[in-house]
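J.:
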Amino acid sequence: MPYIIDENDRRQQLKTGSIAENAGELNFKIFSYVKDCLARNLNPNSKIIKVYVDQFLGSTPNYQRYNDMTGCLIRCQKEIQRRLGQQAKILFRIMESYDFEISEYEDKKIEENGDV
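Once you know that position 23 of the sequence shown is 25 in our numbering, the rest is easy, because the numbers rise by one and skip nothing.
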């Protein structure tokens, strides 16, 4: 679990709408949101988490962004399970919802650069 040093109010910025600039910030943003929902006996909303992910990916995602997003969702799910005792399967489902988009990206890159 990444720890965002609370200088320049970055934690608060992430909690109140700033776009995550790296995988650590995305993890922090999602974990904080899910933790807050669970503390208020609410179910996390997948649409909100997808907005966070889409903002992180940007308008022209690349391999690094897809990879960071995938790793972030898996690690965040594991950390929620470890620290909060919840399954957070929603994060795995969100990750899987990008499978087609990532496959299309990979196929495009194979066409452009050749296969491995």
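No residue lacks a Cβ here, since even glycine has one placed at the ideal position from N, Cα and C.
DSSP three-state call for residue 53: helix, strand or coil?
T.: It is helical.
J.: So residue 40 and residue 86 are in contact, right, with Cβ under 8 Å, and what is the actual spacing, rounded?
T.: With 8 Å as the limit, residue 40 and residue 86 qualify as a contact, their Cβ atoms being about 6 Å apart.
J.: Exposed or buried, what is residue 117 when buried is set at 16 or more other beta-carbons lying within 10 Å of its beta-carbon?
T.: With fewer than 16 Cβ atoms within 10 Å of its Cβ, residue 117 is classed as exposed.
J.: What residues in its chain sit with their C-beta under 7 Å from that of residue 45, if we drop five residues either side in the sequence?
T.: Closer than 7 Å at Cβ, skipping near neighbours: 39.
J.: Closer than 8 Å by C-beta to residue 75: which residues in its own chain qualify, once you throw out the five before and the five after it? Chain order, please.
T.: These residues qualify, in order along the chain: 32, 55, 93, 94, 96 and 97.
J.: Quick check on DSSP: helix, strand or coil for residue 73?
T.: In the structure shown, residue 73 sits in a helix (DSSP, three-state: H, G or I).
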